[in-house]
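Notes follow once the structure below has been shown.
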Amino acid sequence: MGYSSGGIREYDEAAALLTLEVATAPAVAGSSSRDKQAIDNARLGITEHIVVSRTGAAPYVRHLLLLLTPTLLLLAQLDAQHIAIRWALPLAGLRSVRASSSGVAVFAQAASTRRVSVVAVTHQIPCGEPRVIKVIYKLLRPLCVGQGLPPLPGI
């Protein structure tokens with residue numbers, strides 16, 4: 001059943017619960033200030049999420065989540081007690097993605113902290129499920145900027 005513009009979207013209870021868990025889980029002990037800032041950013045507005053993997057049994061379930069906010073892409077580990085950021089990157093730096101049988105590689109540009117320059121970074125989203133890999137790729141591919149173009153100034 002399709003909905004027109006302004007229509008009510010189907011309520012997804014599992015997604016709502018996962019969003020609540022992300023919003024309330026404390027950062028794992030030893031998290032950097034940068035990771036805590038990324039968690040706070042995610043709590044302000046997750047626009048999309050993908051459960052990359054789920055391990056364990058209740059109440060000890062652990063999720064590997066790909067979180068998309070208006071400004072960041074994050075890979076986070078969430079369990080019943082904590083959230084930990086594996087990596088986070090600004091969407092403005094996302095350059096390309098490549099799917100493989102072991103997951104999705106995310107290629108980005110980031111400002112170097114030691115000097116004023118741009119460095120290439122690669123992050124891996126580990127996943128062995130072809131269906132999930134395809135969903136991740138379809139989400140990220142349209143977000144890539146500057147494919148084959150020179151780096152953006154200031155990134």
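All residue numbers for the sequence shown refer to my numbering, where the first residue is 1 and numbers rise by one.
Cβ coordinates follow ideal geometry from the N, Cα and C atoms, glycine included.
* Asked: For the candidate residues Val-61, Thr-19, Ser-33, whose alpha-carbon lies nearest to that of Leu-44?
  -> Among Val-61, Thr-19, Ser-33, the Cα nearest to that of Leu-44 belongs to Thr-19.
* Under 8 Å Cβ to Cβ from Ala-14, same chain only, skipping five residues before and after it: list those, please. => Counting only Cβ-Cβ distances below 8 Å, and skipping sequence neighbours, we find nothing.
* How close, in whole Å, do the beta carbons of Leu-64 and Pro-90 come, if the pair is a contact with beta carbons under 8 Å? -> With a Cβ gap of about 21 Å, Leu-64 and Pro-90 do not count as contacting.
* Whole-number beta carbon distance between Ile-83 and Ala-29, since they are thought to touch under 8 Å -> In fact, because the Cβ distance is near 12 Å, the residues do not count as touching under 8 Å.
* Close-in-space but distant-in-sequence residues of the same chain around Ser-53 (CB under 7 Å, 5 per side omitted) -> Within the same chain, Ser-53 has close Cβ partners Leu-64, Cys-127.
* **Where Ile-136 falls, given that 16 or more other Cβ within 10 Å makes a residue buried** => Buried is the label assigned to Ile-136, since at least 16 other Cβ atoms lie within 10 Å of its Cβ.
* Asked: Taking the Cβ atom as the reference point for each residue, do Leu-139 and Leu-94 lie within a distance shorter than 9 Å?
  -> Contact flag unset, no.
* Using three-state DSSP, classify Val-28 as helix, strand or coil. => The three-state reading of DSSP puts Val-28 in coil, since its state is none of H, G, I, E or B.
* Asked: If you run the structure through DSSP and keep just helix, strand and coil, what is Val-132?
  -> Correct three-state label for Val-132: helix.
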